[in-house]
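What follows is a set of notes on a single structure, which appears directly below.
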Amino acid sequence: MSRYILKRLLWMIPVVLGVAILIFCIMDFCPGDPAEIILGSGATEAELIAKREILGLNRPFFVRLVDYLQSVFLRFDFGTSYTFGTPVAQDLLSRLPRTLTIGFFGILISVAVGVPLGITAAIHQNGWGDRISMVIALVGVSMPGFWLGLMLVIVFALNLGWFPASGFETWQCFVLPCIANSMGGIATLARQTRSSMLDVIRADYIVTARAKGVAERIIRYKHMLPNALIPIITVVGNNFGHILGGAVVTESVFAIPGIGMYMISAVNSRDYPAVQGSVILLAIAFSLVMLLVDLVYAFVDPRIKAQYSNSAARR
Amino acid sequence: MKKTLSIILIIAMLMAVLAGCGGQATGAENTDPVDATKAQAEAPADGGAEEPAGPITVTVGINQDFSDMSPFGGQSGGKQYYKWLIYGYLALQDQSAQYQNVLAKRMEYVDELTLDVEIYDYIHDWAGNHITADDVMYSFQMAKDSGNFTGQGPSFIEKMEKLDDYTVRFYFTADALGGTLTYVTNVPITSQKAYEESGDNMAVNIIGCGKYKITDFVAGSTLTLEKVENHWQTEELWNLDQLAANPDKIIYKYIPEASQMSIALETGIIDVAGTVSGTEVSRFMDSNNNAVSGYTMGIIEPTQVTVLLFNCTEGSMFDNQALRQAVCYAINTDGIVQAVLGGRGYAANTYGSSAFPDAADKWAEEDYYDYNLELAKEKMKEAGYDPDGSLKVRLVVDRDSNRGKAAEIIASSLKAIGMEVEINAYETALFNTYKNEQDEWELLIDLKNGSGYLPNCWRSSFDANAFSNGLTVNFAKDEKLQELVMAAKTPATYSEETVDEFHYYLKEKAYGYGLFVAYNYAVALDGVDNIFVNRSNYICPGAFTYSTDFVGVAN
Chain A
2 MSRYILKRLL WMIPVVLGVA ILIFCIMDFC PGDPAEIILG SGATEAELIA
52 KREILGLNRP FFVRLVDYLQ SVFLRFDFGT SYTFGTPVAQ DLLSRLPRTL
102 TIGFFGILIS VAVGVPLGIT AAIHQNGWGD RISMVIALVG VSMPGFWLGL
152 MLVIVFALNL GWFPASGFET WQCFVLPCIA NSMGGIATLA RQTRSSMLDV
202 IRADYIVTAR AKGVAERIIR YKHMLPNALI PIITVVGNNF GHILGGAVVT
252 ESVFAIPGIG MYMISAVNSR DYPAVQGSVI LLAIAFSLVM LLVDLVYAFV
302 DPRIKAQYSN SAARR
Chain B
12 MKKTLSIILI IAMLMAVLAG CGGQATGAEN TDPVDATKAQ AEAPADGGAE
62 EPAGPITVTV GINQDFSDMS PFGGQSGGKQ YYKWLIYGYL ALQDQSAQYQ
112 NVLAKRMEYV DELTLDVEIY DYIHDWAGNH ITADDVMYSF QMAKDSGNFT
162 GQGPSFIEKM EKLDDYTVRF YFTADALGGT LTYVTNVPIT SQKAYEESGD
212 NMAVNIIGCG KYKITDFVAG STLTLEKVEN HWQTEELWNL DQLAANPDKI
262 IYKYIPEASQ MSIALETGII DVAGTVSGTE VSRFMDSNNN AVSGYTMGII
312 EPTQVTVLLF NCTEGSMFDN QALRQAVCYA INTDGIVQAV LGGRGYAANT
362 YGSSAFPDAA DKWAEEDYYD YNLELAKEKM KEAGYDPDGS LKVRLVVDRD
412 SNRGKAAEII ASSLKAIGME VEINAYETAL FNTYKNEQDE WELLIDLKNG
462 SGYLPNCWRS SFDANAFSNG LTVNFAKDEK LQELVMAAKT PATYSEETVD
512 EFHYYLKEKA YGYGLFVAYN YAVALDGVDN IFVNRSNYIC PGAFTYSTDF
562 VGVAN
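Protein chains in written order, with the working numbering: chain A, 2 to 316; chain B, 12 to 566.
Here you go:
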């Protein structure tokens, strides 16, 4: 197992390298001049040229690319933000906990609500429980995060006064962003759980369990759910990625200074080092989550665990 | 199963009831700003209304990030809100555009392009570093080398000479509108020792010699400033309005989303919303455009104007004066002000804002392509186009909502004179790229500004010498226009007449057309009696006046 983890971690290097090259190229080929954004529309052409020189943007593309890759992969230096004048790594580290908080609790809410909703739908297939659950899922997946965020603010902050409308100073500040961020995940998880549960609900071993007189609750949670978990875990992993990406919207709406808000401001101001650093960090986070998902597979499915053990034994 | 369900239901109901109870109380405190401010107003009455109850802390919402806080970093963005408070400048303009000494004790012209500046001999920053002529020269050199100070900045300084420990002689390369003092007032003066020891070019570890110091900073969220104890300057000599230090503590909160800014004010997260757009401000205004009970309002009339530019590339469609005039006559700018800004602004009467001191009052009385559809159609015919045809035109605009709506209105107005307008809206960076591309647009809506004087707004668009292609910003080549812009922007020839001449020539030729100026607003909870806005159109919470019963949401 440890060899497998090591192998996966080593595989992350080419993945991150690929992401770094890709994002560097995209940013470079994307129209927009950082010098003009830093200096504003009043700057003369001479001033813009001087600024590009200072930023090193007038050097050949490949020279800049190699320089960038060297500093990221050899010196772990993401450069200095054009906008803030601070090291990108430092900016990212200070913002990461807030984004992870939103992501983690967003996923937690998605699982806590989405999975039971899906189970209910599967058990009551074509009944009222199924219909209500699927309507909730449909509504959840249809609501844009930006709109939902503002609606939550209007209802729970402005009208009811239960939670703050923006900020991140207290735990209450995170409640609305986490709910807003989890809504899409609830919907997809509920649909996936329903589908996976329906796949196993008529399996022979379930019929056997029922024939043996095993209690329905035990059948559902000890026989059906573990066997339906693999696709659900995959969706949870993907959702985490989506939630990290969706933080761009949520953080802007709720004024939470996380990676998302940093990234959107960096993209708008063509702050190349900041965008590249953010994307690389998200790529690493997503790769780690995917690794975790693969490891969780082994814990929930003995067949996968056996595969790892057998391959180790063969060696 | 039923038992489990009942237990879950009971727990859920209990939680809802408990949450509801708690919420009611909080909601009553926070959601009604009128009540909230009344409560604030009543509280100190017991203690007597003569003296403030305690230190004043004001929380201000701003819609721009704090950006680069270092003295010589980028000068735009949210930095405009606080840089005056933490850094010391040699001199600054007061509300009547007169320069007032700040760090400078004496400023004296040796000749037109040479200036002696003597600073006080007792200046020190928060860390106790003594500021001398060496630090002044170091700061200007750093500013010049950074490339971040554009326009009338240190790039016009040819050299500096230290005359004694506290006096520097500046040699300038050219004169400026408003005098060469302009060149020396944009640079924050910093101790060389403090700057070099900061370890991060003062990106975060800032030490200045302003009246406030940074005590807390959360990147992308909050910036807390506290009044400096034992500031180096006496109250009598630190007398510029915008540098006043009335509150003991100022907390800036970055709130990027416009409606969240209003909600933050309504729910008591901030005391002052630094920028509220014309569309959002209706939440705080009654039908007579007065602030509703519980709020104080300040109007910010910017020097920025929204303009329409025609692509005048030689041989192109709009290299045709009559066609340009047809478009101008077909646009109802007063209608745009009503429909887009809700009346919170005004139709421009030149290619610039009327807030500039040299914008002539008489222009407002004169015809500036006042909406006239018949005349527009005639001009179309004169230009050789069919007013009932379908001439295809691309209009490029950025993603600003006001300018986007204006583009839609213009597109529908131009349909009436036989133009089919395709609107291409781009985000800022893309817009800035495409506006310089000759084959990307025929019409362009942009925001224009200039520092201090109207010709500074004009020269950024029409001084062909400033562009490498030798054309204006909209690719026109007109020698007379160039002659007139030079006359208006050059200090030696700048006068009411030369400004007038340029205005009328541009109006006649219609290379660019001023559309509207949109007001911005600052809104505060009651307790802030007066909202002070500096000449750069940024609010100065240090200079607000606070009622004796002001408490502030942070308390």
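Glycine included, each C-beta is placed from N, C-alpha and C at the ideal position.
Could you name the residues of the same chain whose beta carbon sits closer than 7 Å to that of residue i, not counting the 5 residues immediately before and after it, in chain order?
| i | result |
| --- | --- |
| I311/B | Y530, N531, Y532, A533, V544 and N548 |
| A39/B | Note on A39/B: pLDDT 30, under 50, position unreliable in the model; the coordinate value appears next. Once the five neighbours on either side are set aside, A39/B has no close Cβ partner at all. |
| A286/A | L245 |
| C32/B | Its pLDDT being 35, under 50, C32/B is placed unreliably by the model, and the measurement read from it follows with that caveat. Same-chain partners within the cutoff: there are none. |
Is residue j closer than 9 Å to residue i when the C-beta atoms are compared?
| i | j | result |
| --- | --- | --- |
| F436/B | G415/B | Residue 436/B is actually Ala in this sequence, not Phe. Yes. Within cutoff. |
| I103/A | I257/A | yes |
| G363/B | G525/B | yes |
| D409/B | E448/B | no |
| R195/A | A122/A | yes |
| T100/A | I305/A | no |
| G88/B | D76/B | yes |
| S288/A | V17/A | yes |
| T193/B | S462/B | yes |
| A138/A | R192/A | yes |
| A422/B | A337/B | no |
| G309/B | A498/B | no |
| G429/B | Y382/B | no |
| I434/B | T317/B | no |
| D302/A | R9/A | no |
If we count the other Cβ atoms within 10 Å of its Cβ and call it buried at 16 or more, is residue i buried or exposed?
| i | result |
| --- | --- |
| F106/A | buried |
| G33/A | buried |
| C323/B | buried |
| C26/A | exposed |
| E277/B | buried |
| F486/B | buried |
| Q315/B | buried |
| P44/B | Residue placement at P44/B is flagged as unreliable, the pLDDT there being 31, under the threshold of 50; a coordinate-derived value is accordingly withheld. |
| T184/B | exposed |
In chain order, what residues of the same chain lie with their CB nearer than 8 Å to the CB of residue i, ignoring the 5 residues before and after it?
| i | result |
| --- | --- |
| D511/B | A371 |
| Y92/B | V71, I73, Q75, Y263, G285, Y549 and I550 |
Pull up the distance between the alpha-carbon of residue i and that of residue j, whole angstroms please.
| i | j | result |
| --- | --- | --- |
| A256/B | A36/A | 35 Å |
| Y206/A | G119/A | 21 Å |
| A359/B | V407/B | 20 Å |
| V355/B | T143/B | The sequence shown places Arg at residue 355/B, rather than the Val named in the question. Approximately 47 Å between the Cα atoms of the pair. |
| H514/B | R271/A | 36 Å |
| V140/A | M152/A | 14 Å |
| N127/A | I155/A | 35 Å |
| I420/B | V215/B | 45 Å |
| F367/B | I24/A | 44 Å |
| I233/A | K52/A | 51 Å |
| A21/A | V67/A | 11 Å |
| H243/A | S72/A | 29 Å |
Mapping DSSP to helix, strand and coil, what is residue i?
| i | result |
| --- | --- |
| V290/A | helix |
| I14/A | helix |
| Y437/B | strand |
| M430/B | strand |
| N476/B | helix |
| T201/B | coil |
| G99/B | strand |
| I281/A | helix |
| I134/B | coil |
| Q111/B | strand |
| Q253/B | helix |
| P66/B | coil |
| L7/A | helix |
| P178/A | helix |
| I220/A | helix |
Once you ignore the five residues that flank residue i on each side, which residues in its own chain have a CB closer than 6 Å to its CB?
| i | result |
| --- | --- |
| V69/B | P258, I261, D282, P552 and G563 |
| K170/B | Y182 |
| V432/B | V404, L406, A422 and L425 |
| I218/B | D136, W137, A138 and A205 |
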